[in-house]
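Numbering (numbering that gives the first Met the number 0), first residue to last: 0 to 388. Here a beta-carbon is modelled for each residue, glycine too, at the ideal position from N, C-alpha and C.
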Amino acid sequence: MKPKLRPRVPHFSSGPCAKRPGWNPVALQDACVGRSHRSQAGKAKLAEVIERSRAILGLPEPYRLGIVPASDTGAVEMALWSLLGARGVDVLTWESFGQGWATDATRQLKLDDVRILAADYGRLPELDRVDFARDVVFTWNGTTSGVAVPDGEWIAADREGLVICDATSAAFAMDLPWEKLDVVTYSWQKVLGGEAQHGILILGPRAVERLESYVPPWPLPKIFRLTKGGALNEGIFRGETINTPSMLCVEDALDGLRWAEEIGGLPVLQARARDNLAAVAAWVARTGWIDFLAEAPETRSCTSICLRIGEPGLDEDGQKAVAGDIVTALADEGVAYDIGSYREAPPGLRIWGGATVERTDIEALLPWLDWAYARAAERRLRPAETKTA
Ligand SMILES: Cc1ncc(COP(=O)(O)O)c(C=O)c1O
């Protein structure tokens, strides 16, 4: 039987993520469009994004937060290309995005002292092997495996190297210990449901010190340049963007930030994501055919919740077929969109649980997953009959 209740919003994609509850394009009506982003009005909007983001995140005063081109990828690449090479680097990888940053270090920047600390999908690398005399690059939440570091306890407070953290699917949903992180990046399209386009680059004092004392041996395109005449380009962190931003995206980011403030700020954003994970976890616990991809409960992401088909005896091709059937059936029903696992990840489901997703929508989705699974299982048992049915 098809469940009666449907999620009110069927958007469970892990990026771009669901807009905040009640969003509609009227939210953009005050956008500073048709004006220069260097006008007083344009700069004020950009500065407002910076100020509100800092306040909600609780960023310590010496940390800078700037708006940069090319979304989270742009922000991470700027950091890697501007900062790496001064000392050896440990790159932690446990899913596709971390692997991408490792490729940058080895094949693009061709650094000669790189250690890759890798783990398979579902696990974290051995964090106690990280050497903080070196630079460290890692992804706080592995969006494609649903495995996140549980905290920053493993990061040395008295480190010599820089810690560079891609936090795009963690920021606003998970606690980030700023004093342990020298560079943090994210994009607007994740936990606050903004439009994709721009990245946020956060620099701690130690990263600024590196920028002002080290010049990498490779050329830096204009779009990556964080310094001017050997000093940090402070303008970037006041809203004087390197190139032209989309003022529509800026307005949308402001809408998300204002919403975040209205509902109670960071603690409420985090609680919403935690509650969404709890709803999924309770269902997984009582459901035989599904498991978390993350093996250790404390590493389970509360944003990109990754699940594998846990039916006993089903091989990888079978799991892929079942997951595919579920994804297609629920999209056809208009109940859930974009819930398939990432193309490079093991087959399964991925449900976004970030702050813009309502727990009631997650709860309404779960019986539909059971329904779609039962339908897929029935088809497997009786392919001919169900094809004509
Ligand atoms: C961990 C991680 N890093 C980087 C990216 C790339 O982000 P963007 O497409 O915003 O550049 C994503 C996108 O999902 C991600 O999840």
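Sequence-distant Cβ neighbours of A30 in its own chain, meaning closer than 6 Å and more than five residues away, are M246, L247 and E250.
Contact check for V334 against L313 fails: the beta carbons are separated by 9 Å or more. For F223, the closest C-alpha among the options S81, A354 and S13 is that of S81. If only uninterrupted alpha helix (DSSP H) runs of at least 4 residues are considered, those enclosed by the stretch 311 to 378 are 315 to 331. With contact defined as three or more Cβ pairs closer than 8 Å, the stretch 160 to 174 and the stretch 320 to 337 are not in contact. Taking C-alpha positions only, R7 is separated from G193 by approximately 19 Å. Per DSSP, S70 is one residue of the alpha helix (DSSP H) stretching across S70 to L82. In this structure, the CA atom of W22 is about 44 Å from the CA atom of V113. Per DSSP, the beta bridge partners of I66 are I199. For A117, the uninterrupted beta strand (DSSP E) run begins and ends at V113 to A117, by DSSP.
About 5 Å separates the beta carbons of Q188 and G14, which is inside the 8 Å limit, making them a contact pair.
About 6 Å separates the CB atoms of P68 and N242; that is less than 8 Å, so the two are in contact. Judged by DSSP secondary structure, L306 falls within the beta strand (DSSP E) whose first and last residues are S303 to I308.
With a beta-carbon spacing of about 5 Å, G203 and Y62 fall inside the 8 Å limit used to define contacts. Collapsing the DSSP output to three states places A147 in a strand. Under the 8 Å Cβ criterion, the stretch 141 to 152 counts as touching the stretch 114 to 133, having at least three qualifying pairs. Contact residues of ligand 1 (beta-carbon closer than 6 Å to any heavy atom; chain order) are G14, S70, D71, T72, F96, T138, T142, D165, T167, S168, S186, Q188 and A195.
In this structure, the beta-carbon distance from T167 to L45 does not fall below 9 Å. Cβ-Cβ distances below 7 Å link A74 to V67, T184, G198, I199 and L200 in the same chain, with the five nearest sequence neighbours on each side left out; the list follows chain order.
Using a Cβ distance threshold of 9 Å, I308 and P346 count as a contacting pair. Annotation: T240 is outside any alpha helix (DSSP H) and is labelled neither H nor E by DSSP. For S52, the enclosing alpha helix (DSSP H) stretches over residues Q39 to L56. Counting C-beta pairs closer than 8 Å gives fewer than three between the stretch 39 to 56 and the stretch 209 to 217, which falls short of the contact rule.
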